[in-house]
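Have a look at the structure below, then the notes.
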Amino acid sequence: MFKKSQKIVVIGGGTGTYTVLSGLKKYPADVLELSAVVTVADSGGSTGRLRDEFGYLPVGDFRMALIALADDSDVGLGLRSLFLHRFDKGSGLKGHNFGNLFLVALTDIFGSEEKALEYAAQMLRIRGKVIPITNEELTLVAEYENNTILRGETHIDEPPQEHNGTQNITRLWVEPDSSISPKAEKAISEADLIIIGPGDLYTSILANIVVGGTKEAITASPAKLLYVTNLMSKYGQTHGFTMQKYLDELAVYIGRDPDYLLINNEPLPQEILGKYETQQEFPVEDDIIEKNKTTIFRTNLLADEEIKKSTGDALKRSLIRHDPQKLARAIMDIL
793 MFKKSQKIVV
803 IGGGTGTYTV
813 LSGLKKYPAD
823 VLELSAVVTV
833 ADSGGSTGRL
843 RDEFGYLPVG
853 DFRMALIALA
863 DDSDVGLGLR
873 SLFLHRFDKG
883 SGLKGHNFGN
893 LFLVALTDIF
903 GSEEKALEYA
913 AQMLRIRGKV
923 IPITNEELTL
933 VAEYENNTIL
943 RGETHIDEPP
953 QEHNGTQNIT
963 RLWVEPDSSI
973 SPKAEKAISE
983 ADLIIIGPGD
993 LYTSILANIV
1003 VGGTKEAITA
1013 SPAKLLYVTN
1023 LMSKYGQTHG
1033 FTMQKYLDEL
1043 AVYIGRDPDY
1053 LLINNEPLPQ
1063 EILGKYETQQ
1073 EFPVEDDIIE
1083 KNKTTIFRTN
1093 LLADEEIKKS
1103 TGDALKRSLI
1113 RHDPQKLARA
1123 IMDIL
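Counted the way our numbering counts, the sequence shown spans residues 793 to 1127.
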């Protein structure tokens, strides 16, 4: 298919990155070499509790990327189920995810998040690499149009009740200043294709870009840049955003337009949209302005089934998502 394997770097975190990776990992290593560069800003749910108690880098996004790339054998599928298991009862355990606890235990044993990740990757026989965007602890901070400032990824992702979620974010940064990890910088510099999205714009995607040196690494890389657009807006982050607004905001932080834009054109199920409307979240309007530098692909990327939330999960989750296999096929067509 290719003269050499294509080096693909997926930058993000959470469900969006999981979806992209779990589709692409079906292609053999001599076709695609996969690296997930993931955020360390997560501060909510099980991850946030463990971060506060142990002081390690948050493990939730590492876990999701590891599971996405895990071996598809019977043993691998069993381990994946184990890593996804969330306790719905038990003193101190309720709401915790086994995979998060396991990664924290490994970090305790080895004294290093990097060694813990390497061990978990070997155990799960992952098809690729999982790399933290930085090895430094940080807090994500957002400032809004009304000069309100929220600190912590979980507060930006799910704002306090008194916060006006229709306010746009005017500035995003991390405290303290942090630097891109050498492994993340190397992966980006050697990539043939960098994939950004889908995922929450500020808390999953730009949380990586605002880490010192990341923008410069992407700009300096010879890789093509692909942006997978979101299906729904996010109250508190991108309320009222159209696709062009997403793209414009991305360009502010990255400093360039993507080479490729991948857009779902399948109608979204009306019965599920009603659930989103109660949360003031709506389909993202496709109003993309054609630009010579960006090639646009529109196709059916929609998952056919509604996503069910696991018992014991305290965080909001998307009900409408991209389909991993449809997404992977579309990306391969672009390559």
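Every residue gets a Cβ at the ideal spot worked out from N, C-alpha and C, and that includes glycine. Fair warning: this is a prediction, and the values are worked out from it, not measured in the lab.
| query | Given glutamine 1072, which residues of its chain have a CB within under 6 angstroms of its CB, disregarding the five upstream and five downstream residues? | reply | If we look at glutamine 1072 and ignore the five residues flanking it on each side, its Cβ neighbours are Tyr1027.
Return the residue from the list Gly1004, Glu937, Tyr1038 and Asp844 that minimises the CA-CA distance to glycine 944. With distances taken between Cα atoms, glycine 944 lies closest to Asp844.
Review point. Of the residues Val933, Glu1082 and Val801, which one's Cα is nearest the Cα of alanine 976?
Key: The option with the nearest alpha carbon to alanine 976 is Val801.
So for valine 922, helix, strand or coil by DSSP? Correct three-state label for valine 922: strand.
message = Quick check: the Cα distance between arginine 841 and alanine 1043, rounded to an integer number of angstroms?
response = Rounded to whole angstroms, arginine 841 and alanine 1043 show a C-alpha spacing of 33 angstroms.
ask   = Given a threshold of 16 other Cβ atoms within 10 Å of its Cβ, counted over all protein chains shown, does asparagine 1022 qualify as buried or as exposed?
value = For asparagine 1022, the number of other beta carbons within 10 angstroms of its own is at least 16, and it is reported as buried.
Return the Cβ separation of alanine 821 and threonine 995 in integer angstroms, given the expectation that the two are a contact with Cβ distance under 8 angstroms. Contact between alanine 821 and threonine 995 is absent: CB atoms are separated by about 31 angstroms, not below the 8 angstroms threshold.
Note to self: Tell me whether the segment 976 to 995 and the segment 1058 to 1075 touch, counting them as touching only if at least three CB pairs, one residue from each stretch, are closer than 8 angstroms.
What the structure shows: No contact exists between the segment 976 to 995 and the segment 1058 to 1075.
message = For asparagine 956 and tryptophan 965, I'd like the C-alpha separation in whole angstroms.
response = Each residue's alpha carbon lies about 20 angstroms from the other.
Query - Between the CA atoms of lysine 1007 and leucine 916 - distance to the nearest angstrom - result: The alpha-carbon of leucine 916 is positioned some 31 angstroms away from that of lysine 1007.
Margin query: Can you list, in chain order, the residues of its chain with a C-beta nearer than 8 angstroms to that of leucine 1018? Leave out the 5 residues immediately preceding and following it.
Written below: Cβ neighbours of leucine 1018 beyond the five flanking positions: Leu985, Ile986, Ile987, Ile988, Pro1050, Asp1051, Tyr1052, Leu1053, Leu1054, Ile1123 and Ile1126.
* **Residue range of the unbroken beta strand (DSSP E) whose run includes threonine 807** => Unbroken run through threonine 807 is the alpha helix (DSSP H), 806 to 816; no beta strand (DSSP E).
I'd like to know if isoleucine 941 contacts chain B, where contact means its C-beta is closer than 7 angstroms to some C-beta of that chain.
Although the question refers to chain B, the structure presented lacks it and comprises just one protein chain.
| Going by C-alpha distance, which of Asp1079, Asp1096 and Ala1095 is nearest isoleucine 1088? | Minimum Cα distance to isoleucine 1088 is reached at Asp1079.
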